[in-house]
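Participant:
Protein chains: 2
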Amino acid sequence: MLRKLTIYLLAAFVVALIPGFSLGDSRTAARAAREYVRSSQHKIVRQLVDLLSIPNVSFDLPNIQKNARHIVDLLQERGVHVRILEMDVSPLVYGELTVPGATRTLLFYAHYDGDPVEPSRWVDSKPFEPVLRDKALEEGGVLIPFPGLGTPYNEDWRIYARSASDDKSPIVALLAALDGLRSAQMRPTSNVKFLFEGEEEDGSPHLAEFLERHKDLFGSDAVIVADASIYPSGDPTFYFGARGIAKLEVTVYGPIRPLHSGHYGNWAPNPALELSKLLASMKDDTGRVTVEGFYDDVEPLSRQEREALRTVPDIEEKLRAQLGLSWTEGPGKRLPELINLPSLNIHGLESGWVGDQARTIIPSEASASIDLRLVKGIDPQGQIQRVIEHMRKQGFHVTDQEPDLRTRQSHAKIARVVVKRGYPAFRTPMDLPICRQLISAVERALGPTVKLPTMGGSVPLYLFSDRLDVPVIGLPTVNPDNNQHSPNENIRLGNFFRAVEIFAAVLAM
Amino acid sequence: MLRKLTIYLLAAFVVALIPGFSLGDSRTAARAAREYVRSSQHKIVRQLVDLLSIPNVSFDLPNIQKNARHIVDLLQERGVHVRILEMDVSPLVYGELTVPGATRTLLFYAHYDGDPVEPSRWVDSKPFEPVLRDKALEEGGVLIPFPGLGTPYNEDWRIYARSASDDKSPIVALLAALDGLRSAQMRPTSNVKFLFEGEEEDGSPHLAEFLERHKDLFGSDAVIVADASIYPSGDPTFYFGARGIAKLEVTVYGPIRPLHSGHYGNWAPNPALELSKLLASMKDDTGRVTVEGFYDDVEPLSRQEREALRTVPDIEEKLRAQLGLSWTEGPGKRLPELINLPSLNIHGLESGWVGDQARTIIPSEASASIDLRLVKGIDPQGQIQRVIEHMRKQGFHVTDQEPDLRTRQSHAKIARVVVKRGYPAFRTPMDLPICRQLISAVERALGPTVKLPTMGGSVPLYLFSDRLDVPVIGLPTVNPDNNQHSPNENIRLGNFFRAVEIFAAVLAM
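In order, the protein sequence lines correspond to chains F and L.
Start counting the first sequence at -14; every next residue gets the next number (my numbering).
Start counting the second sequence at -14; every next residue gets the next number (my numbering).
Next comes the structure, spelled out in structure tokens:
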């Protein structure tokens, strides 16, 4: 079936823009989009719900293909010329909308795949059966039915489903922005290209190969990335860089089989304790990573980037209160500043059993999953090597293999390290003309924006700047408390609707 | 249905011993048992397999009741007068066999319930569908069919099933010892009482109440405990004490919901790291517990107990090699010596996700399950308090409640501690006459024994010495590499068969 999709969807090249459209400016475009959302919100929400109803875990290829086909249909309905570029793995949806007379080309990037789901941890709903709540679950939000046509949506309502925020709602909002312009007889002022990826949550394993092979398709003045969420202040947000990432799974070994903790407790070494000591050695009490050289290659921020950081609204105090945190790491430094430093985070721990399933054993192994976020200047492989070197300094024999009995017999401490795909950070200078145009377009239409030199999350966008030499600018739209990558992911409808305005402003700039 | 079982199974009091049985000594009895095993091993193995086929997770009451009824049948077939003492929770099977002229009474204790199971981690078999392997799984053992009647069992073969060792095979072996004596026209030289418990793995929550209420039933000269495994040297083993136990579940808190590790990594504190630091602080690099006062109340060993320790065969080097350990805790101290010290063991760790399910979040909590093994002199509650005090010294606010938002906002570090039922250690002086008689009976019949002042595992037998003032002596029979409390629990048939001889020697002493 996918074969059909891989046939280029060639049709006569018809510019889908009705003659007679007038060129507008960003403020008018955003206003038109707002009006369109007001009159068509049930239709727009329905489009989002339909897309969210297609399961999209990145390694579930048949469903990923369904998503791709669905998005192809949505683009074609809007006159976009679509190609599916099959990589034998996960289809990349590519689309073009050429505007006569336009001298600028904007390429919008988003991904339609999502992180794995654990349905049992979703409260009263399922990851791929979108539901509506009257506010956030954490604030006591309750399920409400989707309203009938006569009833308007409230901006605080939220749709709960995997990828509601990351990234399906930006995709639907971008298409709704095209509809909004058309409804006001306006048209984009730039040529528009679309690139929707289906394996971003799996680390975009084929994006590099693809960009290399189809360099000619991606000529553009800027890649606009619709991934990630807005700054917690709630203002429209730009980011000009993203942290890179590298991941490692560490397993520490004890006795070759689990032992009764009574018969062997305080004799057989316990891998959960050894792992705890190893992890504890990696960061000090202020959150500073103690791995040697961890911060050495950080490329300093420019004067302008430091200045942009100073104007980022102060949200830390409120955020700490919301999250139930009495302190945060990096004393004296603010969140947007810290994001320009590399991080080391334990995202999983496992050994033996806890809770009702607990049994009194000395486990035979203990594992931790660690992610390293990288900033401009830091090489993924080099940073992993530093962490491995740190393990060696703690007395660990480091291997990438499951240790055999002889290896276990000859080393007091063994850490098996499995390195997951990683990629470096990128940072686009924010004073490029295209950056200034984008900022100006959104600020004219929607007021002040937050401008982050780097956003915390990782997207493999270094590839665009590396391979295509095109500036990459992040334009996220979703609420930051969206639980992305976790159970109960959601999109706040106010943010979804405003995304339509933001994209309209950019399309008409 | 259970109600039926609770009716006293009163029958005319018929001594089940055929007149004409001669009194024998332990050596003759063991030899008779060996002969009986040789001629009847298929029947004995079948009895074990039948019992193992009844699921027995301690909180699965309907199946626990099935086990109890099955054991009642087995006892009754041997002329034992049986009562089921229902505690509304888990039936205790009590039996009596009175021997005319006997002046001594031995009470045998074992439990028929088992630890929870995780079927997916059992290799090629299911916990309650016993299978036969030609040797231990860890040594490459493969599944073999149960042999036909003409083919003898090999001593190295093993039966895999939950409770194969802990404690169902000792129960079946004890009954087979009665059969063995009878087959040689011998009879026990002591009155025999049986007490089989169904909730030991759940911490014997009702045993104290029961012993209190039925004190009169349990008059005896010794309680012989068939739980636990023999010393790894392979020799018949006595233990005269057992460590007590106390358990705690510790949960450490981070942000109130999981956060994207890119957006908030090196800003939001990570509970997996905090927990690691807390656990790492509890033991030094030699395995010594650093909790203040942890060893203060240890009651020293007597001269005789220290002497017994010196004669325990040296198995540590071999055991380390088998288990793939290049070092062990407690430098300069041997395993049997260390077991006379209290221990602190992490038996479970959990936070976020690892492996294929891993996602890059800052988890909102991290949990550890800890067991404290106790020795004579140490109070369970007091020892738990010391650990809690240690947490406070590490800066943790300790609570037994799930912390609310306000609590989270006002404490940098929060540990929720849930304390699980515990009980103290016991230690019977090994120079009591009954102890010397038992040692002598087994050594006459089967050669040298290992005599441990304390065994590492915990059994709530302090209750017998506490409430009944009866000496408690452990007489384990199963192989130590039986994977008890873990997947792939097993009994080595050689050990099962020898158990029949050991029990016969004791019954005829």
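By construction, the Cβ of each residue, glycine as well, lies at the ideal position given by its N, Cα and C atoms.
All figures in this text were calculated on a predicted structure; none of them were measured in a lab.
1. Checking contacts by CB at 8 angstroms: is Leu573/L closer than that to chain F?
2. For Thr88/F, which three-state DSSP category applies?
3. Do the segment 99 to 107 of chain F and the segment 472 to 479 of chain F meet, that is, are 3 or more Cβ pairs less than 8 angstroms apart?
4. Can at least three beta-carbon pairs, one atom from the segment 375 to 382 of chain L and one from the segment 245 to 265 of chain L, be found at a separation below 8 angstroms?
5. What's the C-alpha gap between Thr136/L and Gln26/L?
6. Against Ala257/F, what residues of chain L qualify as contacts under a CB-to-CB distance less than 8 angstroms, listed in chain order?
7. Quick check: the Cα distance between Ser218/L and Leu460/L, rounded to an integer number of angstroms?
8. Using a 10 Å radius around the Cβ and a threshold of 16 neighbouring Cβ atoms, would you call Gly407/F buried or exposed?
9. Under 7 angstroms Cβ to Cβ from Leu431/L, same chain only, skipping five residues before and after it: list those, please.
10. Does the Cβ of Gly86/L have 16 or more other Cβ atoms within 10 Å, making it buried, or fewer, making it exposed?
11. Which same chain residues, not among the five before or five after Pro465/F, have their C-beta less than 8 angstroms away from its C-beta?
12. Does any residue of chain F bring its CB to less than 8 angstroms from the CB of Lys378/L?
13. Enumerate in chain order the residues of its own chain whose CB-to-CB distance from Leu8/L is below 8 angstroms, with the five nearest sequence positions on each side excluded.
14. When the distance is taken between beta carbons, is Gln307/F closer than 8 angstroms to Met415/F?
15. Given that Glu123/L touches chain F, what residues does it touch there, using C-beta distances under 9 angstroms?
16. Pro298/F versus chain L: which residues are under 9 angstroms apart at the beta carbon?
17. Could you have a look at Ala484/F and say whether DSSP puts it in helix, strand or coil?
18. Along chain L, in chain order, which residues have C-beta atoms closer than 9 angstroms to that of Pro348/F?
19. Give me the residue from Val34/L, Glu184/L and Leu233/L with the minimum Cα distance to Ile144/L.
20. Around the Cβ of Ile331/F, are there at least 16 other Cβ atoms within 10 angstroms (buried) or fewer (exposed)?
21. Can you give the Cα-Cα distance for Gly133/F and Gly309/F, rounded to whole angstroms?
22. Among all the DSSP beta bridges, which residues are the ones paired with Gly99/F?
23. For Glu124/F, count the other beta carbons within 10 Å of its own beta carbon; 16 or more makes it buried, fewer makes it exposed. Which is it?
24. Would you please verify whether the beta carbon of Trp338/F is less than 8 angstroms from any beta carbon of chain L?
25. Applying a beta-carbon distance threshold of less than 7 angstroms, which residues of chain L neighbour Ala306/F?
26. For the segment 330 to 347 of chain F and the segment 331 to 340 of chain L, state whether three or more C-beta atom pairs, one from each stretch, are separated by less than 8 angstroms.
27. What does DSSP give as the partner residues of Ser214/L in its beta bridges?
28. Report yes or no: is there a C-beta of chain L within less than 8 angstroms of the C-beta of Trp312/F?
29. Between the segment 35 to 59 of chain L and chain F, which residues of the former have CB atoms less than 7 angstroms from a CB of the latter, in chain order?
30. Looking only at C-alpha atoms, which of Leu320/L, Val297/L and Glu184/L sits nearest to Arg305/L?
31. May I ask which residues mark the beginning and end of the beta strand (DSSP E) holding Phe181/L?
32. Could you name each continuous alpha helix (DSSP H) segment of 4 residues or more that falls completely within the segment 214 to 276 of chain F, going from the start of the chain to the end?
33. Using a Cβ cut-off of 8 angstroms (strictly closer), state whether Tyr249/F contacts chain L.
34. Which residues, in order along the segment 435 to 460 of chain L, keep a beta-carbon less than 8 angstroms from a beta-carbon of chain F?
35. List the endpoints of the continuous beta strand (DSSP E) containing Ser395/F.
36. Is Pro243/L near Pro327/L, with beta carbons less than 8 angstroms apart?
Facilitator: On the basis of the coordinates in this document:
1. Residue 573/L is absent from the structure shown; chain L starts at -14 and stops at 494.
2. Walking along the first sequence from the start, residue 88/F turns up at place 103. If DSSP states are grouped into helix, strand and coil, Thr88/F belongs with coil.
3. yes
4. yes
5. Your numbering for residue 136/L matches position 151 in the second sequence. Your numbering for residue 26/L matches position 41 in the second sequence. Spanning the two alpha carbons is a distance of roughly 10 angstroms.
6. For the purposes of this step, residue 257/F is identified with residue 272 of the first sequence, where counting begins at 1. Per Cβ cutoff of 8 angstroms: Leu264, Ile331, His332, Gly333, Leu334 and Ala353.
7. Within the second sequence, residue 218/L is the residue found at index 233, counting from 1. Within the second sequence, residue 460/L is the residue found at index 475, counting from 1. Cα to Cα, Ser218/L sits roughly 15 angstroms from Leu460/L.
8. The sequence position of residue 407/F within the first sequence is 422, counting from 1. Buried, because 16 or more other Cβ atoms sit within 10 Å of the Cβ of Gly407/F.
9. Residue mapping note: residue 431/L aligns to position 446 of the second sequence, counting from 1. Ala15, Pro221, Glu486, Ile487 and Ala490.
10. Here the question's residue 86/L lines up with position 101 in the second sequence. With fewer than 16 other Cβ atoms within 10 Å, it is exposed.
11. Within the first sequence, residue 465/F is the residue found at index 480, counting from 1. Hits under 8 angstroms: Ser214, Ile215, Tyr216 and Pro217.
12. By one-based count along the second sequence, residue 378/L stands at place 393. No, no contact with chain F.
13. Against the second sequence, residue 8/L aligns to sequence position 23. Residue placement at Leu8/L cannot be trusted, given a pLDDT of 43 that sits under 50; what the coordinates show is reported in the next sentence. The answer, listed in chain order, is Met171, Arg172, Thr174 and Ala493.
14. Working through the first sequence from its first residue, we reach residue 415/F at position 430. Working through the first sequence from its first residue, we reach residue 307/F at position 322. No, these two residues do not count as a Cβ contact at 8 angstroms.
15. Residue numbering aside, residue 123/L sits at position 138 when the second sequence is read from its first letter. Here the neighbours are Ile241 and Arg242.
16. Against the first sequence, residue 298/F aligns to sequence position 313. Within 9 angstroms Cβ-Cβ: nothing; Pro298/F doesn't reach chain L, min ~16 angstroms.
17. Along the first sequence, read from residue 1 onward, the residue named residue 484/F stands at position 499. Reduced to three states, the DSSP call for Ala484/F is helix.
18. The residue given as residue 348/F occupies position 363 in the first sequence. Neighbours of Pro348/F on chain L, chain order: Ile331, His332, Gly333 and Leu334.
19. By 1-based counting over the second sequence, the position of residue 144/L is 159. The shortest C-alpha separation from Ile144/L is found at Val34/L.
20. On the first sequence, position 346 is the one that residue 331/F refers to. Answer is buried; the Cβ neighbour count reaches 16.
21. Counting from 1 along the first sequence, the entry for residue 133/F is found at position 148. Counting from 1 along the first sequence, the entry for residue 309/F is found at position 324. If I take the Cα positions, the gap works out to 37 angstroms.
22. Reading the first sequence from its first residue, position 114 is the one you call residue 99/F. Note: Gly99/F sits in a beta bridge opposite Val42/F.
23. Sequence index remark: in the first sequence, residue 124/F carries index 139 (1-based). Exposed, by the Cβ-count rule.
24. Counted from its first residue, the first sequence places residue 338/F at position 353. At least one chain L Cβ lies under 8 angstroms of Trp338/F.
25. Position 321 of the first sequence holds residue 306/F. Within chain L, the residues near Ala306/F are Gln394.
26. yes
27. Here residue 214/L is taken as the residue at index 229 of the second sequence, counted from 1. The partner list for Ser214/L (beta bridge, DSSP) reads Val463/L.
28. As a position in the first sequence, residue 312/F is number 327, starting the count at 1. So, interface residue.
29. none
30. To locate residue 305/L, count along the second sequence from 1; it is residue 320. That would be Leu320/L, whose Cα lies nearest to the Cα of Arg305/L.
31. Counting from one through the second sequence, the residue named residue 181/L turns up at place 196. Where Phe181/L is concerned, the enclosing beta strand (DSSP E) stretches over Asn176 to Glu182.
32. 246 to 249 and 256 to 265
33. In the first sequence, counting from the first residue as 1, residue 249/F sits at position 264. Yes, because at least one Cβ of chain L sits closer than 8 angstroms to the Cβ of Tyr249/F.
34. Met440, Gly441, Gly442 and Ser443
35. One-based indexing of the first sequence puts residue 395/F at position 410. Looking at the DSSP string, Ser395/F is not in any beta strand (DSSP E); the run it does join, the alpha helix (DSSP H), is Leu390 to Ser395.
36. Counting from one through the second sequence, the residue named residue 243/L turns up at place 258. Counting from one through the second sequence, the residue named residue 327/L turns up at place 342. No; because the gap between Cβ atoms is not below 8 angstroms, this pair is not in contact.
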